[in-house]
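J.: Just passing along the structure, written as structure tokens.
2 protein chains.
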Amino acid sequence: MKPSTCQKNCQNALRVADQLCQGRGVRLTPQRRQVLEILCDHHKPMGAYDILDLLKSELPAAKPPTVYRALEFLLEQGLVHRLESLNAYVSCIHPEHPHASQFLICRDCGEVRELESRSVDRTLDSALKACGFAADSQVIEVTGRCLRCTERDPS
Amino acid sequence: MKPSTCQKNCQNALRVADQLCQGRGVRLTPQRRQVLEILCDHHKPMGAYDILDLLKSELPAAKPPTVYRALEFLLEQGLVHRLESLNAYVSCIHPEHPHASQFLICRDCGEVRELESRSVDRTLDSALKACGFAADSQVIEVTGRCLRCTERDPS
DNA sequence: AATTGTTATGTTATCACATAACATAACAAA
DNA sequence: TTTGTTATGTTATGTGATAACATAACAATT
Ligand SMILES: [Zn+2]
Ligand SMILES: [Zn+2]
Ligand SMILES: [Zn+2]
Ligand SMILES: [Zn+2]
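So the protein lines, in turn, are chains A and B.
FYI, this note's numbering numbers position 71 of the first sequence as 123, with every residue one higher than the one before it.
FYI, this note's numbering numbers position 89 of the second sequence as 141, with every residue one higher than the one before it.
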């Protein structure tokens, strides 16, 4: 993806976030929006302190709680996912329809990809139903090598 | 489960671990075995520093690396799972056939249950295959309320 | 038995991630 | 303009994990 296209996607994602928040009557304040923008601008998962470092260039007074509060909001609104196995955060590619977190994490290139498999979702749901478990959040994270890295170096 | 039965299960799990390690030519040293025993004796997930506190009663010189090294070994051997969303560890109930980590975590009673669903496993595998992703570890963690807690207080 | 390479442990310090607690400010409704 | 609510500022601390280096135990070889 060319940089120009990429930046356009980021801008678009922010507009979508604006609309979603307005529609829900919640406030995407400048701080929250800046954190989301940082996550959108990067394609790889970022730690809270990585975000903090970047945020400081726009908001020198930023401190850990600044970032964690923004992340808490963005997670609640489904605009961002947390990657439990990396202690990192990544912007959601389809925030308009909230969904369970399903990620493929490449250990070579660091790329993360949202899987969004309905069949996995359904199968897991029925397994949960079968044992009477009432889920309120699901985490699926698969670590390995992505197609591109496997093709580049099939070892 | 009665205490006597439980303790028997723990002893049995340790014997199984002994045999597995012997068969694989790896060493379940006293330290490693003690950490595994602590995890087997408790049914709930434990943080590394919780384990450390208990370990100190038998091994006063124990320090964080002592525990983390033992956990690293036990994880490699599939004797223990790490719960990513809790930063905690729990002993595996079926170490004799290594498997992907699938957990149901009750937010009320704290109970964790290994799901071991073959259908979930298969569905995820085929989704991974479809996008050419070569997995080397899978994490599935579902948080919610277990059947018992739902029945006790259906709210 | 002595040598040597390997694996495991001891020890100190530090890094990385996250939140508690309390004060102030901005906002929105009455 | 008062009042309640939500958001932010600030300091300190809690919690989880590892780096780096030294020493000891073990196992294979000579
Ligand atoms: Zn998403
Ligand atoms: Zn890759
Ligand atoms: Zn298991
Ligand atoms: Zn429960």
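We put the CB at the ideal spot given by N, CA and C, even for glycine.
Along the region 182-199 of chain B, what residues have a CB closer than 8 Å to any CB found in chain A?
T.: Those residues of the region 182-199 of chain B that come within reach of chain A (Cβ to Cβ, closer than 8 Å) are 183, 184, 185, 186, 187, 188, 189, 190, 191, 192, 193, 194, 195, 196, 197, 198 and 199.
J.: Quick check: the Cα distance between residue 75 of chain A and residue 124 of chain A, rounded to an integer number of angstroms?
T.: For residue 75 of chain A and residue 124 of chain A, the distance between alpha carbons rounds to 19 Å.
J.: Are the region 101-116 of chain A and the region 164-177 of chain A touching by the rule of at least three beta carbon pairs closer than 8 Å?
T.: With a cut-off of 8 Å, the region 164-177 of chain A and the region 101-116 of chain A do not count as touching, because too few Cβ pairs lie within range.
J.: Nearer than 7 Å: is that true of the beta carbon of residue 133 of chain B relative to any heavy atom of ligand 3?
T.: Result yes, Cβ under 7 Å from ligand 3.
J.: Between residue 144 of chain A and ligand 1, is there a pair consisting of the residue's CB and a ligand heavy atom that are separated by less than 7 Å?
T.: Checking every heavy atom of ligand 1 against the Cβ of residue 144 of chain A, one is found closer than 7 Å.
J.: Compute every distance between the C-beta of residue 95 of chain A and the non-hydrogen atoms of ligand 1, then say whether any falls below 7 Å.
T.: No, the beta carbon of residue 95 of chain A sits no closer than 7 Å to any heavy atom of ligand 1.
J.: Give me the Cα-Cα distance between residue 71 of chain B and residue 92 of chain B, rounded to the nearest whole angstrom.
T.: Taking the straight line joining both Cα atoms gives about 16 Å.
J.: Taking residue 164 of chain A as the query, report the chain B residues whose CB atoms sit under 9 Å from its CB, ordered along the chain.
T.: Residues of chain B passing the Cβ test: none, with the nearest at roughly 11 Å.
J.: Of all the residues that make up the region 123-138 of chain A, which are near chain B by a beta-carbon distance shorter than 7 Å?
T.: So the list reads 136 and 137, given in the order they occur along the chain.
J.: Cβ of residue 70 of chain A within 7 Å of any heavy atom in ligand 4?
T.: Because no heavy atom of ligand 4 lies under 7 Å away, the Cβ of residue 70 of chain A does not count as near it: no.
J.: Is residue 128 of chain B helix, strand or coil by DSSP?
T.: Looking at residue 128 of chain B - three-state DSSP - the assignment turns out to be helix.
J.: If we define contact as Cβ-Cβ less than 8 Å, is residue 179 of chain B a contact residue for chain A?
T.: Residue 179 of chain B counts as touching chain A.
J.: Locate the beta strand (DSSP E) running through residue 107 of chain A, then write down its first and last residues.
T.: Unbroken run through residue 107 of chain A is the alpha helix (DSSP H), 100-110; no beta strand (DSSP E).
J.: Could you confirm whether any beta carbon from chain A is found closer than 8 Å to the beta carbon of residue 171 of chain B?
T.: Answer yes: the Cβ-Cβ gap between residue 171 of chain B and chain A drops below 8 Å somewhere.
J.: Measuring CB to CB, does residue 189 of chain A end up less than 8 Å from residue 195 of chain B?
T.: Yes, Cβ-Cβ distance for residue 189 of chain A and residue 195 of chain B is below 8 Å.
J.: To be precise: take each residue of the region 65-84 of chain A, compare its Cβ to all Cβ atoms of chain B, and keep it if any distance is under 9 Å. Which residues remain?
T.: Hits within the stretch: zero.
J.: Is the shortest distance between the beta-carbon of residue 118 of chain B and the beta-carbons of chain A less than 8 Å?
T.: It does not: the Cβ of residue 118 of chain B has no partner Cβ on chain A nearer than 8 Å.
J.: For the alpha helix (DSSP H) that contains residue 158 of chain A, what are its first and last residues?
T.: Residue 158 of chain A -> not in any alpha helix (DSSP H); beta strand (DSSP E) instead, spanning 153-158.
J.: Which residues of chain A have a Cβ atom closer than 9 Å to the Cβ of residue 202 of chain B, listed in chain order?
T.: Residues of chain A passing the Cβ test: 184, 185 and 186.
J.: Is the beta carbon of residue 126 of chain B closer than 8 Å to that of residue 88 of chain B?
T.: Their beta carbons are under 8 Å apart, which means residue 88 of chain B touches residue 126 of chain B by this criterion.
J.: Quick check: does the Cβ of residue 160 of chain A come within less than 7 Å of any heavy atom belonging to ligand 2?
T.: Answer for residue 160 of chain A: yes, Cβ within range of ligand 2.
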